[in-house]
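Its first residue numbered 1, the sequence shown is counted upward by one per residue in full-length UniProt numbering. The beta carbon of each residue, even a glycine, is placed where N, CA and C say it ideally should be. Note that the structure is predicted; figures quoted are calculated from it, not measured. One structure is given below, encoded as structure tokens.
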Amino acid sequence: MSRFSVKKPFTVFVAVILILMTGIVSYTKMTPDLFPDIDMPYVVVVTPYPGATPEKVETGVTRPMEQSLATLTDIKSVQSVSNANYAMVVLEFENSVNMDTVSSDILQKINLVEGSFDDGVGSTTIMKINPNMIPVSVAAVDYEGKERAELSAFVSDTLLNRLEGAAGVASINSSGILEEKVNVVISQDKIDKLNNKILASVNSQLADAQNQLDSQKAKVTDGKKKLEEGKNQIAEGKEELKKAKEQLEAGKDFLPEGEYEKQAAALKTAEAELAKNEKQLEKTSSQLSKADKQLKSAQVQLDSQSSKARESANIGDKITTDMISGILQAQNFSMPAGYIVENGNNVLLSVGDQITTEKQAKNLFLFDSGVDSVGKVYVKDVADVFISDNSEDLYAKINGEDGIVLTFSKQSNFATAETCENLQEKFDQLAEEYEGLHFTTLMDQGDYIKLVVTSILSSLLWGALFAIIVLFLFLRGIKPTLITLCSIPISIIFAILLMYFSGISINLISMSGLAVSVGMLVDNSVVVIENIVRLRRQGVPAPKAAVAGAKQVGAAITASTLTTVCVFVPIIFTDGLTKQLFTDMALTVTYTLAASLIIALTLVPAMASKLLVKTRETEGNFFLAVLEKYKQSVTFVLRHKLPVLLLAVVLLAGSVYMSLSKGFIFMPEMSSPQIQATVTMPKGSTLEETKEQADEAIKRIQNVNGVETVGAMMGGGSMMGDSSSEQSVSLYIMLEAESETGSSAIAAEINSLCEDMEAEVTASGSSMGDFTTAMGGAGVSIKVYSGDLDNLQEAAHGITDVLETVEGIDEVESGVQESDKEYHFTVKKTAAMKEGLTVAQVYAAIVDAMTYEDTATTVTWQDDNYDVIVSSEQKSQLTTKDIRNLTLTVTDSAGIEKEVKLSDIADLTEKETLKAINRDNQSRFLTVSASLQDGYNITKVTDAAKQAVADYKLPEGVTIEFDGENEEIMDAMSDLVLMLLLGIVFVYLIMVAQFQSLKSPFIIMFTIPLAFTGGLLALLIFGKEISVIAMIGMVMLTGIIVNNGIVLVDYINQLRAGGASKRDAIVEAGMTRMRPILMTSLTTILGLIVMAFGNSTGTDMMQPVALVCIGGLVYATLTTLYIVPAIYDIMNRENYKYISDEDLDISNIN
């Protein structure tokens, strides 16, 4: 390779140009992001069950769903929450599962059990948990000259549609938008007034009828009286006629002839007349009797009709929300019916018309009352029609003033920075288009990502500059320095090209890999160029020196590169987040070092053959003095090996013990120009109380130095789409760009300022807050399992009491929720069936009685759209007494309607019910969680909590399991320890292959614990705990530090093979290889110096890697020059045996 490069330098030059061009183009097409793509193995399954209690949801939906979903392939755990009205099942899969295809399998399992669900169960929704659900940007909107209502209309009708068109935007949630609606509220007062009018008219008509009836009754009574008088007169006439007859008969003999007959005829005529009159009276009496019966029947009918008329005078039974909603829907109708032909042309014919004004809605005809004094009934006669808004329910503020806050989520196939940049362009475009429109950014992950990437890039460039200075000082020439320098940018761009084609984005992890590698980029080139310079000093011509110099060390630097990158190979055996996060770093370092190896074997020889015509031949006096001092000190160490080795072991043991005593963390906090805070009120607090406390928190925060903008919105924007709880407000705090105070310090000041408030105000200055929560949640978390609810709650309360005694624990939540009051109707089925009612019919009647609001239709008034909400003020105020007195109308077998009182067929009882039921792997559980006091380590506090809980006697049938941040840390640490151990084995095996010896690699392996000692001491000195990031530094050290040992031991062996004594070889090798060892170590150390000690955003997270590598390299480099010689001296005898080429000559064998 080197021969070809020297022979054809322009080919190498063309290849370099192509790499630079394609690499730069690749970089421009790569969009930055904060972290690599993380595929979270979680799926949430939500099934609505309206009206169901948590117990009913658990029995009817959750359990069948769990049993079916638990049979999925590669399922890790099944957790569920049964709430009132819905069930939520959270599925966790093994990390090897392809989350893009798992939804279809879940749907199949759900289909198997959906057939057994009640009719009231709704359709199931499947959601994959994705980091993209976290908002990438939050912005406040303001428009000069527009009131809140106008601004809300502008945002809803215009702005949201325009912003949704920005590339990468998946969804926009708004807070603070004023929403107006048309209310049609059925008024009992108006109904009562109408009823009174109708009743008055009915009473008047009934009174007229009664008067007529009474008049007829009077006539009948008078007729009866006259009839009685006639009867008396007839009786008297009969008596007188009888007396006349008797007198006529008595005086018959005394009467003149003919007089008797005459009087007798007259009496007979009188008798006939009386008989006639008597018959007439009997007829009249019959008529009067009949009339009396008719009047009595008429009175009964009138009384019956009066009752019915008074009952029908209540139109409230006709006026229902359904009735008015139906009429509104039917009358607010306009649809095309088809086309008609007019003059040979097709003309659209539409039917109907929309309700376009409030007046039209009020004057909408309902029915004719049939009462003259009332007439037709319109909507305005029975309901109030008015426009209202939701201003009382809103809370969205910018610096204490009302505003509108927009939260943006991105599409999964777009990078965060790209989406935020597109949004900002859209903001600028809209602000220019609409004069007076302003956007205030409250949170922008894109800006933060750019800040982080720029910070890491700055560290990389400073590291490269420091490495160049070291090279110049050691190589003592511009040309060798220039040749070596070329390897840095070309290797980085070459690595970026490989990153592009392997799908690695520009993110914090990959850029940190480049920054960490920058100091090692020159190692291979340094070895090659120094060997070439050495040959040139011996008089070898430049072309031959270039070829020979690269060829002589080619195998060594290849092995050295392999030992450095092979430590990342075991990452394939890790799992979960560790693998997803750090694969990018492993590949980036591998690409970078591979590129540097190729450059060292091609470009460096090619350039050296042309540029290294002259060389300096003397060492500097200073370095010669250093070598002399080293010779004296290493000789002393070889004489006193045991105390020196014992000191190294003590330092190793001490550093390990002290580091472990500080505990572990997952990732260091990372500063941010943005702070998020939450204002949380106690349970049961009203919305107004929450608003008052949030206003007070904003007022206090605005007075904190360094705070520029404070935005607030009800609820928040978390991964799960935080609900708009009345007890929670999210604050977005932007810091001043020139603020010298860090975000963590400002967050701590905010927490301190708000400590005396009624609400709990929690601010975090670290951008890792949501990330830590996603990894399992911060603090101590204990899951308590039991099938017995009483034992479960008892254990949760007991563990809570125990945790409160643990040092470092701040606040403890038992997970036991307060029970809710619930009223339950138990239908007496037999009694109900006797009335012709089923349980379902009773349920439907109760639901109808309690449904007081209905969205009837949508109207457009003056270009504004409104939902029309029909409601009943009477139903909205129902009490248990009203429900008990509810009547149901039923029709019997004879077709006669009758009313049944609900209390006659059902019993109303009151009971306590759970707010939610949590289950894990088909068993009920509660989570006891505890937050930590400032300054305490999660793993140490968790260990103390485990010891305390171990002494607590759990109720029968109760089991516990620690869960949360500590367990995530331990899982990640286990993966990294496995990776570290395998990396050590791989390094050893590669060295065995290189040295063709088991002993020499074994000696070199002692440099690894030396490096660990230095790395741990660096963490201790700077007050850092062992973290996942720090462990990555340990893994890298394993591959880096052995290179110094390889250089030293290899040269010792060469000298001994050349005949030197063991001691002389050890001393000479140390003196000869000191310069390359120091050069490679210093370039790596100084390449990391800015990342280790800089305070810019982004470098703080990767600082532990830099500290571990710098500490390990400084300590191990110095001790390698002493400890390795001492161990070599112990493990090797004086005589050195090796197999030469002559020993393998088989030409003389017959």
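Inspect the beta-carbon positions of Asn390 and Glu689 and report whether they are closer than 7 Å.
For the purposes of this step, residue 390 is identified with residue 390 of the sequence shown, where counting begins at 1. For the purposes of this step, residue 689 is identified with residue 689 of the sequence shown, where counting begins at 1. Cβ distance not < 7 Å, so Asn390 and Glu689 don't count as in contact.
Is Pro570 buried or exposed, if buried means 16 or more other CB atoms sit within 10 Å of its CB?
Reading the sequence shown from its first residue, position 570 is the one you call residue 570. That one is buried.
If you run the structure through DSSP and keep just helix, strand and coil, what is Met757?
Sequence index remark: in the sequence shown, residue 757 carries index 757 (1-based). Residue state, collapsed to three classes: coil.
Continuous beta strand (DSSP E) stretch holding Val679: start and end:
If you number the sequence shown from 1, residue 679 lands on position 679. It spans 671-680 - the beta strand (DSSP E) in which Val679 sits, taken as one unbroken run.
Nearest to Trp861 by CA position, among Ala361, Ile340, Ala84, is which residue?
Here residue 861 corresponds to residue number 861 of the sequence shown, with the count starting at 1. It is Ala361.
Per DSSP, which one or two residues make a beta bridge with Tyr143?
On the sequence shown, position 143 is the one that residue 143 refers to. Bridge partners of Tyr143: Leu437.
With distances taken between CB atoms, is the gap from Ala415 to Asp100 smaller than 7 Å?
Translated into the one-based positions of the sequence shown, residue 415 becomes position 415. Translated into the one-based positions of the sequence shown, residue 100 becomes position 100. Not in contact: Ala415 and Asp100 (Cβ atoms no closer than 7 Å).
Given Ala70, which residues of its chain have a CB within under 6 Å of its CB, disregarding the five upstream and five downstream residues?
Locating residue 70 in the sequence shown gives position 70, where the first residue counts as 1. Cβ neighbours of Ala70 beyond the five flanking positions: Val78.
Just verifying my parser: in three-state terms, what is the DSSP assignment at Pro48?
Walking along the sequence shown from the start, residue 48 turns up at place 48. Correct three-state label for Pro48: strand.
Are Leu1048 and Ala1069 close, meaning C-beta to C-beta below 7 Å?
As a working mapping, residue 1048 is identified with position 1048 in the sequence shown. As a working mapping, residue 1069 is identified with position 1069 in the sequence shown. Between Leu1048 and Ala1069, the gap from beta carbon to beta carbon is short of 7 Å.
Out of curiosity, what's the CA-to-CA distance linking Gln933 and Thr1084?
For the purposes of this step, residue 933 is taken as residue 933 along the sequence shown, with counting starting at 1. For the purposes of this step, residue 1084 is taken as residue 1084 along the sequence shown, with counting starting at 1. Spanning the two alpha carbons is a distance of roughly 38 Å.
Nearest residue (CA-CA) to Lys881, options Leu902, Asp867, Gly895, Asp864:
For the purposes of this step, residue 881 is taken as residue 881 along the sequence shown, with counting starting at 1. That would be Leu902, whose Cα lies nearest to the Cα of Lys881.
Check the C-beta distance from Leu1121 over to Tyr630 and give it rounded, since I have them as a contact under 8 Å.
One-based indexing of the sequence shown puts residue 1121 at position 1121. One-based indexing of the sequence shown puts residue 630 at position 630. 7 Å between Cβ atoms; contact.
Assuming Val405 contacts Ala140 (C-beta within less than 8 Å), just tell me the rounded distance between them.
In the sequence shown, counting from the first residue as 1, residue 405 sits at position 405. In the sequence shown, counting from the first residue as 1, residue 140 sits at position 140. Right, the Cβ-Cβ distance comes to about 5 Å (below 8 Å), so this counts as a contact.
Just the Cα atoms here: how many angstroms apart are Pro135 and Ile532?
Position 135 of the sequence shown, counting from 1, holds the residue named residue 135. Position 532 of the sequence shown, counting from 1, holds the residue named residue 532. So the alpha carbons of these two residues sit roughly 56 Å apart.
Quick check: the segment 117-135 against the segment 375-386, are at least 3 beta-carbon pairs closer than 8 Å?
no
Return the chain-ordered list of same chain residues with a C-beta closer than 8 Å to the C-beta of Thr419, the five sequence neighbours on each side being excluded.
Within the sequence shown, residue 419 is the residue found at index 419, counting from 1. Hits under 8 Å: Val136, Ser137, Ala166, Ala167, Gly168, Val169, Phe408, Lys410, Gln411, Gly446.
Beta bridge counterpart(s) of Ile960 as assigned by DSSP:
For the purposes of this step, residue 960 is identified with residue 960 of the sequence shown, where counting begins at 1. Note: Ile960 sits in a beta bridge opposite Val784.
Arg919, DSSP secondary structure in three states:
In the sequence shown, counting from the first residue as 1, residue 919 sits at position 919. In the structure shown, the three-state DSSP call for Arg919 is strand.
Validate contact between the segment 448-464 and the segment 33-42 using beta carbons, cut 8 Å, 3 pairs:
yes
Could you check where the beta strand (DSSP E) with Tyr86 kicks off and where it finishes?
Counting from 1 along the sequence shown, the entry for residue 86 is found at position 86. Here the beta strand (DSSP E) through Tyr86 covers 86-93.
Report yes if the C-beta distance between Val870 and Ser325 is below 7 Å; otherwise report no.
By 1-based counting over the sequence shown, the position of residue 870 is 870. By 1-based counting over the sequence shown, the position of residue 325 is 325. In contact: Val870 and Ser325 (Cβ atoms closer than 7 Å).
Give, in chain order, every unbroken run of the alpha helix (DSSP H) that is at least 4 residues long and sits entirely within the segment 1040-1110.
1062-1087, 1089-1093
Buried or exposed: which applies to Asn703, given that a residue is buried once 16 or more other Cβ atoms fall within 10 Å of its Cβ?
On the sequence shown, residue 703 is found 703 positions in, with the first residue counted as 1. Result: exposed.
Helix, strand or coil for Asp892? Go by DSSP, reduced to three states.
Position 892 of the sequence shown, counted from the first residue, corresponds to residue 892. Residue state, collapsed to three classes: coil.
Residues bridged to Met713 by DSSP?
In the sequence shown, counting from the first residue as 1, residue 713 sits at position 713. Met713 is bridged to Ala396, Ser730.
N- and C-terminal bounds of the beta strand (DSSP E) containing Ala542
Start at 1 with the first residue of the sequence shown, and residue 542 comes out as number 542. Here Ala542 belongs to no beta strand (DSSP E); instead the alpha helix (DSSP H) covers 542-565.
Does DSSP put Asn703 in a helix, in a strand, or in coil?
Here residue 703 refers to the residue found at position 703 of the sequence shown. Correct three-state label for Asn703: coil.
Which term fits Lys283, buried or exposed, when burial requires 16 or more other beta carbons within 10 angstroms of its beta carbon?
As a first step, residue 283 is located in the sequence shown; it is residue number 283 there, counting from the start. It is exposed - the Cβ of Lys283 has fewer than 16 other Cβ atoms within 10 Å.
Please report the distance separating the alpha-carbon of Lys662 from that of Thr942.
Locating residue 662 in the sequence shown gives position 662, counting from the first residue. Locating residue 942 in the sequence shown gives position 942, counting from the first residue. So the alpha carbons of these two residues sit roughly 13 Å apart.
Rounded C-alpha distance that separates Val649 from Cys1109:
Here residue 649 refers to the residue found at position 649 of the sequence shown. Here residue 1109 refers to the residue found at position 1109 of the sequence shown. Whole-angstrom Cα-Cα distance: 20 Å.
How long is the line joining the alpha carbons of Asn363 and Gly765, rounded to whole angstroms?
Reading the sequence shown from its first residue, position 363 is the one you call residue 363. Reading the sequence shown from its first residue, position 765 is the one you call residue 765. Cα to Cα, Asn363 sits roughly 59 Å from Gly765.
Inter-residue Cα distance where the pair is Thr563 and Ile1046
Translated into positions along the sequence shown, residue 563 becomes position 563. Translated into positions along the sequence shown, residue 1046 becomes position 1046. One C-alpha to the other measures close to 10 Å.
Could you check how far apart the C-beta atoms of Gly1014 and Tyr1115 are, in whole angstroms? I think they sit under 8 Å.
Start at 1 with the first residue of the sequence shown, and residue 1014 comes out as number 1014. Start at 1 with the first residue of the sequence shown, and residue 1115 comes out as number 1115. Sure, about 3 Å apart at Cβ, within 8 Å.
Following the continuous beta strand (DSSP E) through Phe414, name the residue where it begins and the one where it ends.
Translated into positions along the sequence shown, residue 414 becomes position 414. From DSSP, Phe414 is part of no beta strand (DSSP E); its letter is neither H nor E.
Pairs of beta-carbons, one from the segment 473-489 and one from the segment 541-553, closer than 8 Å: are there three or more?
no
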